[in-house]
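Residue numbers (my numbering), protein chains in the order written: chain A, -4 to 171; chain B, 113 to 544.
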């Protein structure tokens, strides 16, 4: 499904909430702002490596990797994510002024409060692993978003896997 | 925010046979809604259409309860509506009305509205109740809800729940970038007001027992903490000086304490704070997730959820943290327990896989009954009479949430009107 058709669908639902009935497609089009230009119409971006500043948040995100994943209702760091977290720790050693916040996220299969608690466990597990790799605990904050910030909204395992994640976000001290 | 206005209420006497037999037994699973006629209230003075407006709100309240069937005024054969005369009951029997409410609205010289009504038992030909209110015109909806409450109470024998408000989370935007705002409205969806501007996420609001204060979780400054919001003053303050995330707050029945969850190094435990001196006591110490606490109505116990037994289940403890014991043993994960204001039941969310339903059980864990039908519901909240619940229902594909209500028996499931997507409802006590 394209982004455009998805936003149309959403507009239709929003109209239904206000008007008490889902408006026909024509009406939904009329109430929807013009869609953003399709990505394909834009010129191809310059090669990434040429414009990423070493020690920047983008450098961390693109060249190191910011996201690890968790099993269903689990919060232990997975074996296959330890190399990535090791690289995060090395990068943080190279740029000692950088501070990060680890976000803990969950899939939709949990109640709101439980997932806030589970997300906190996940964020803390990532933090503890980074600390075990030599990162000062004082440089690492944690925050749980529970199930409130999904990156994928379908109700299937492929989607849930993406949402069960810990994301290390550079919050300060990076090259800009 | 709330108009602090004096509403005078007086019982209206009317000679005639004493107590009538008009009643609905709401404890039974099945029954026919009671047919009731509610003509537009007669309006005199400069009161405009308010008599018709009040009758309309009363009809809508009673209809939504599922216990009454207000008769369409077009079917009436008797168009007189005089509060001071005994109705011609034969005219109401011909349209099968069992209850009849007649009212009047009079604009007073001082600008106040005087609203009177009488509730009649048509078959017995007797007055069941009569009442007179006086207030400023802006309060007319509250008067209508108070009349609905009086009718409900005198027919069912239970307190009503119409003169109440709902605090909830208003949602806009896509699932990936959802904007969540604290909002409040009347129980019937009227008068919605946004209390926060959406620049930071807010979750799980709860009323205090006077419905003047809201405890909720806010991500303001990217630091998720429990906040208190004073509705009257429009001010909020962070609750306590906790070093990490605090969440899932609830007030004690006397309003003097808040029980909440504090996360420390990834572990969530339950704490209680006395609002009078801000002293804090830790209630759980388990390395498992302990969260979602809710007081019993006598204030002596707290029901909460924990995964200490390997899965999310419901536990009860004394308010000093002693005698922690599991009460839910049915299949699936069980969480978000909320003690009924009557004390007889605990509502909760049952999750099996990706199927979420609202359930109720007795405080000892027996008698589980699932009362929501869709499979995407969570977060129950009780009407102050313990007979109706609201909850969040999420739509598939991340397309937001709706608020629904249902009887404690699982009957009469209905959408609650909200301005757009909405979740996390919390029902106020009856407004004082």
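For each residue, glycine too, the CB sits at the ideal point set by N, CA and C. Model, not experiment: these values are computed from the prediction.
Meets three-Cβ-pair contact criterion under 8 Å: the region 521 to 538 of chain B and the region 277 to 289 of chain B: Three or more beta-carbon pairs separated by less than 8 Å link the region 521 to 538 of chain B to the region 277 to 289 of chain B, which places the two stretches in contact.
Residue span of the alpha helix (DSSP H) that contains residue 257/B, given as start and end: Here the question's residue 257/B lines up with position 145 in the second chain. Here the alpha helix (DSSP H) through residue 257/B covers 252 to 268.
Roughly how many whole angstroms lie between the Cα atoms of residue 231/B and residue 262/B? For this step, residue 231/B is matched to residue 119 along the second chain. For this step, residue 262/B is matched to residue 150 along the second chain. Distance between the alpha carbons of residue 231/B and residue 262/B: 9 Å.
Any chain B beta carbon closer than 7 Å to residue 150/A: The sequence position of residue 150/A within the first chain is 155, counting from 1. Cβ-Cβ to chain B under 7 Å: yes for residue 150/A.
Taking the alpha carbon of residue 497/B as the reference point, which residue from 315/B, 541/B and 239/B has its own alpha carbon closest? Within the second chain, residue 497/B is the residue found at index 385, counting from 1. Nearest C-alpha to residue 497/B: 541/B.
In whole angstroms, give me the CA-to-CA distance for residue 244/B and residue 513/B. Along the second chain, one-based indexing puts residue 244/B at 132. Along the second chain, one-based indexing puts residue 513/B at 401. Roughly 40 Å separates the two Cα atoms.
Does the Cβ of residue -4/A have 16 or more other Cβ atoms within 10 Å, making it buried, or fewer, making it exposed? Here the question's residue -4/A lines up with position 1 in the first chain. Reliability fails at residue -4/A, whose pLDDT of 36 lies under 50, so the model's placement of it is uncertain and the value that follows must be treated cautiously. Classification of residue -4/A: exposed, given that the 10 Å Cβ count is below 16.
Express the C-alpha separation of residue 155/A and residue 463/B in angstroms, rounding to a whole number. By 1-based counting over the second chain, the position of residue 463/B is 351. By 1-based counting over the first chain, the position of residue 155/A is 160. One C-alpha to the other measures close to 16 Å.
Within 7 Å of any Cβ in chain B, is that where the Cβ of residue 153/A sits? Here residue 153/A is taken as the residue at index 158 of the first chain, counted from 1. Taking 7 Å as the CB threshold, residue 153/A stays off the interface with chain B.
Run down chain A in chain order and give the residues with a C-beta less than 9 Å from the C-beta of residue 396/B. Taking the first residue of the second chain as position 1, residue 396/B is located at position 284. Ordered by position in chain A, no residue passes the 9 Å Cβ test against residue 396/B, which lies about 12 Å from the chain.
Where does residue 332/B sit, in a helix, a strand or coil, going by DSSP? As a first step, residue 332/B must be located in the second chain, where it is residue number 220. Residue 332/B sits in a helix when the DSSP states are folded into three classes.
Three-state secondary structure assigned by DSSP to residue 172/A: As displayed, chain A neither begins before -4 nor continues past 171, which places residue 172/A out of reach and without an answer.
If we count Cβ pairs, one from each stretch, closer than 8 Å, do we get three or more for the region 106 to 114 of chain A versus the region 387 to 403 of chain B? Touching, yes.
Since I believe residue 489/B is in contact with residue 505/B (beta carbons under 8 Å), could you give me their beta-carbon distance rounded to a whole number of angstroms? Sequence index remark: in the second chain, residue 505/B carries index 393 (1-based). Sequence index remark: in the second chain, residue 489/B carries index 377 (1-based). About 5 Å separates the two Cβ atoms, so the contact holds.
Beta-carbon contacts of residue 445/B that lie in its chain and below 7 Å, excluding the five residues immediately before and after: The count along the second chain starts at 1 and reaches residue 445/B at position 333. Cβ neighbours of residue 445/B beyond the five flanking positions: 423, 424 and 463.
On the criterion of 16 or more Cβ atoms from any shown chain inside 10 Å, does residue 119/A qualify as buried, or is it exposed? Taking the first residue of the first chain as 1, we reach residue 119/A at position 124. Buried.
State the beta-bridge partners of residue 282/B as determined by DSSP. As a first step, residue 282/B is located in the second chain; it is residue number 170 there, counting from the start. According to DSSP, which records beta bridges pairwise, residue 282/B is partnered with 293/B and 534/B.
Going by DSSP, which residues form a beta bridge with residue 182/B? On the second chain, position 70 is the one that residue 182/B refers to. Residue 182/B pairs with 148/B.
With H, G and I counted as helix, E and B as strand and the rest as coil, what does DSSP make of residue 109/A? As a working note, residue 109/A is residue 114 in the first chain. Note: residue 109/A maps to helix in three-state DSSP.
Less than 8 Å between the CB atoms is what I'm expecting for residue 336/B and residue 359/B, so what's the real figure, rounded? For the purposes of this step, residue 336/B is taken as the residue at position 224 of the second chain. For the purposes of this step, residue 359/B is taken as the residue at position 247 of the second chain. About 6 Å; that satisfies the 8 Å criterion.
Is residue 349/B buried or exposed, if buried means 16 or more other CB atoms sit within 10 Å of its CB? Counting from 1 along the second chain, the entry for residue 349/B is found at position 237. It is exposed - the Cβ of residue 349/B has fewer than 16 other Cβ atoms within 10 Å.
With 8 Å as the limit, tell me which residues of the region 84 to 115 of chain A have their beta carbon closer than that to any beta carbon of chain B; keep them in chain order. Cβ contacts with chain B: 96, 103, 104, 105, 106, 107, 108, 109, 111, 112, 113 and 115.
With 16 other Cβ atoms within 10 Å as the buried cut-off, status of residue 189/B: Position 77 of the second chain, counted from the first residue, corresponds to residue 189/B. Counting of Cβ neighbours within 10 angstroms places residue 189/B among the exposed residues, the total staying below 16.
Residue range of the alpha helix (DSSP H) that residue 175/B falls in? The residue you call residue 175/B lines up with position 63 of the second chain. Per DSSP, residue 175/B belongs to the alpha helix (DSSP H) from 162 to 177.
Please classify residue 80/A: does DSSP put it in a helix, a strand, or coil? On the first chain, residue 80/A is found 85 positions in, with the first residue counted as 1. Note: residue 80/A maps to helix in three-state DSSP.
In this structure, what does DSSP give as the bridge partners for residue 519/B? Counting from one through the second chain, the residue named residue 519/B turns up at place 407. Residue 519/B pairs with 500/B.
So who's on the other strand from residue 73/A, going by DSSP bridges? Walking along the first chain from the start, residue 73/A turns up at place 78. Looking at the DSSP assignment, residue 73/A forms no beta bridge with any residue, so it has no partner.
Between residue 380/B and chain A, is there a C-beta pair that is closer than 7 Å? Residue mapping note: residue 380/B aligns to position 268 of the second chain, counting from 1. So, interface residue.
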